[in-house]
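Contents: one structure, followed by commentary.
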DNA sequence: TCCAAATTAATTGCACGCGAGACAATTTTA
DNA sequence: TAAAATTGTCTCGCGTGCAATTAATTTGGA
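Residue numbers (my numbering), protein chains in the order written: chain A, 3 to 146; chain B, 3 to 146.
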């Protein structure tokens, strides 16, 4: 019994790889005064500004209990504005400030640095990414 | 600019897969009153009882700032004991209680359930695991 | 022997991430 | 139209993770 070690578990491999990613991102994002989840939100807004909390949460697989305080921190840092949607007062839309939009240029350098740290060619990275997405979706389906 | 979506990023694929894993584990481990990190610690202790905080941290890639409160919770739940090493008073050794040892049997069922949820054959899971470990180690090397 | 350096665990403060519950706005249904 | 159900967000409490600091101890060299 107990003949396996942690690295034998796929779940732990993913768990520790995720930590390694955030550790690798931390010093790069610190230059922009961002955390990794904050960076992910900006990535979504750079692509489509003005999304609602719910729309952001669906893409991030996070709920509003996580997003609300996170978005408030992004707001107090001056990167986004939060405003109720006049057409439906339940909805809060998140829009970039000029400052938040300006961060996109600096983020290009972060992406380049991470690409180098990963050390995989484009094809291998894409293949691994596909497998992780498939695994994630299967796990999420199993929970429901 | 901003032509990519989140699922195009390997880092996000790993990030969201990790969340999916802990979400999938949560209901299974709740039956044992354990969180996923607590479960990982028990896995290590089932394999080798009496390890120090530092030894556990090295295998989990976590530091004492994370482990100390986590181990205290495991102790107050009655699963482990924390005791200074008489030979070196700086070191705290963690030993399983009878109750903590008994959990290993119930954990077998958790492992079976997760294996089914992952939905990969043994070879594919092992190959994916290898790739994640390699990626993790490369990222960790890049930070230092 | 004694002192400086190194090692280790604990502590503190901050940022997620989630479950549960509260609440207001909106939609559905009777 | 009024009651009921749903939706979107917020708040709270708890459990990680991590950086930085502190305290205690051991080790190594003069």
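Here a beta-carbon is modelled for each residue, glycine too, at the ideal position from N, C-alpha and C. Computed from a prediction, not measured in an experiment: that's the story for all the values here.
With H, G and I counted as helix, E and B as strand and the rest as coil, what does DSSP make of residue 50 (chain B)? The count along the second chain starts at 1 and reaches residue 50 (chain B) at position 48. Coil.
Chain A partners of residue 121 (chain B), CB-CB under 7 Å? Translated into the one-based positions of the second chain, residue 121 (chain B) becomes position 119. Ordered by position in chain A, the residues that pass the 7 Å Cβ test against residue 121 (chain B) are 140.
So, with DSSP's three-state summary, where would you put residue 89 (chain B)? Numbered from 1 along the second chain, position 87 holds the residue referred to as residue 89 (chain B). In the structure shown, residue 89 (chain B) adopts coil according to DSSP, grouped into three states.
Please report the residue range of the alpha helix (DSSP H) in which residue 146 (chain A) lies. The residue given as residue 146 (chain A) occupies position 144 in the first chain. Where residue 146 (chain A) is concerned, there is no enclosing alpha helix (DSSP H), because DSSP gives it neither an H nor an E.
Using the beta-carbon of each residue, which ones in chain B are nearer than 8 Å to residue 9 (chain A)? The residue you call residue 9 (chain A) lines up with position 7 of the first chain. Correct list: 131, 135.
Shorter than 8 Å from the beta carbon of residue 20 (chain A) to some beta carbon of chain B? Position 18 of the first chain holds residue 20 (chain A). True, the Cβ-Cβ gap to chain B drops below 8 Å.
Which two residues bound the contiguous alpha helix (DSSP H) that contains residue 24 (chain A)? Locating residue 24 (chain A) in the first chain gives position 22, where the first residue counts as 1. Taken as a continuous stretch (DSSP letters only), the alpha helix (DSSP H) holding residue 24 (chain A) covers 12 to 32.
Could you please give me the residues that DSSP links to residue 97 (chain B) through a beta bridge? For the purposes of this step, residue 97 (chain B) is identified with residue 95 of the second chain, where counting begins at 1. In DSSP, residue 97 (chain B) forms a bridge with B:83.
Cβ distance (whole Å) where residue 45 (chain A) is taken to contact residue 19 (chain B) below 8 Å: Start at 1 with the first residue of the first chain, and residue 45 (chain A) comes out as number 43. Start at 1 with the first residue of the second chain, and residue 19 (chain B) comes out as number 17. About 17 Å; that fails the 8 Å criterion.
Give a single yes or no on whether residue 100 (chain B) has its beta carbon closer than 7 Å to a heavy atom of the ligand ZN. This structure lacks the ligand ZN; in fact it carries no ligand of any kind.
Buried/exposed call for residue 123 (chain B), threshold 16 Cβ in 10 Å: Locating residue 123 (chain B) in the second chain gives position 121, counting from the first residue. Flag for residue 123 (chain B) reads exposed.
Who are the near neighbours of residue 84 (chain B) in its chain, counting only those whose CB is closer than 7 Å to its CB and skipping five residues on each side? The residue labelled residue 84 (chain B) in the question sits at position 82 within the second chain. Setting aside the 5 residues that flank it on each side, residue 84 (chain B) is surrounded in the same chain by 73, 77, 94, 96, each with a C-beta closer than 7 Å to its C-beta; the list follows chain order.
Segment limits, alpha helix (DSSP H) that includes residue 64 (chain B): The residue given as residue 64 (chain B) occupies position 62 in the second chain. Judged by DSSP secondary structure, residue 64 (chain B) falls outside any alpha helix (DSSP H); it is assigned neither H nor E.
Starting from the beta carbon of residue 127 (chain B), find every residue of chain A whose beta carbon is closer than 7 Å, and list them in chain order. Numbered from its first residue, the second chain carries residue 127 (chain B) at position 125. Within 7 Å Cβ-Cβ: 12.
Are there 16 or more other CB atoms within 10 angstroms of the CB of residue 23 (chain A), so buried, or fewer, so exposed? If you number the first chain from 1, residue 23 (chain A) lands on position 21. It counts as buried.
Along the stretch 58 to 72 of chain A, what residues have a CB closer than 9 Å to any CB found in chain B? Only 61, 62, 63, 64 from the stretch 58 to 72 of chain A bring a Cβ to less than 9 Å from some Cβ of chain B.
Below 7 Å CB to CB, which residues in the same chain sit around residue 66 (chain B) once its five sequence neighbours on both sides are set aside? What you label residue 66 (chain B) is simply residue 64 of the second chain in a count that begins at 1. These residues qualify, in order along the chain: 55, 59.
Spatial distance of residue 114 (chain B) from residue 40 (chain B) (CA atoms): Translated into the one-based positions of the second chain, residue 114 (chain B) becomes position 112. Translated into the one-based positions of the second chain, residue 40 (chain B) becomes position 38. Rounded to whole angstroms, residue 114 (chain B) to residue 40 (chain B) spans 18 Å at the Cα level.
Within 7 Å of chain A by C-beta, residues of the stretch 30 to 59 of chain B in sequence order: Within the stretch 30 to 59 of chain B, the residues whose Cβ lies closer than 7 Å to some Cβ of chain A are 42, 45, 46, 48, 49, listed in chain order.
Could you compute how far the alpha carbon of residue 111 (chain A) sits from the alpha carbon of residue 121 (chain A)? In the first chain, residue 111 (chain A) corresponds to position 109, counting from 1. In the first chain, residue 121 (chain A) corresponds to position 119, counting from 1. Taking the straight line from one Cα to the other gives about 16 Å.
Pull up the distance between the alpha-carbon of residue 12 (chain B) and that of residue 125 (chain A), whole angstroms please. Taking the second chain and counting its residues from 1, the one referred to as residue 12 (chain B) is at position 10. Taking the first chain and counting its residues from 1, the one referred to as residue 125 (chain A) is at position 123. The alpha-carbon atoms of residue 12 (chain B) and residue 125 (chain A) are separated by roughly 12 Å.
Does the Cβ-Cβ distance between residue 116 (chain A) and residue 33 (chain A) come in under 8 Å? Residue mapping note: residue 116 (chain A) aligns to position 114 of the first chain, counting from 1. Residue mapping note: residue 33 (chain A) aligns to position 31 of the first chain, counting from 1. Between residue 116 (chain A) and residue 33 (chain A), the C-beta gap is not smaller than 8 Å, which leaves the two residues out of contact.
Relative to the alpha-carbon of residue 144 (chain B), which residue among A:106, A:118, A:49, A:91 has its alpha-carbon at the smallest distance? Here the question's residue 144 (chain B) lines up with position 142 in the second chain. Relative to the Cα of residue 144 (chain B), the nearest Cα in the group A:106, A:118, A:49, A:91 belongs to A:118.
Just verifying my parser: in three-state terms, what is the DSSP assignment at residue 139 (chain A)? For this step, residue 139 (chain A) is matched to residue 137 along the first chain. Helix at residue 139 (chain A).
With burial defined as no fewer than 16 other Cβ atoms inside 10 Å of the residue's Cβ, what is the status of residue 138 (chain A): buried or exposed? Numbered from its first residue, the first chain carries residue 138 (chain A) at position 136. Taking all protein chains shown into account, residue 138 (chain A) has 16 or more neighbouring C-beta atoms within 10 Å of its C-beta and is therefore buried.
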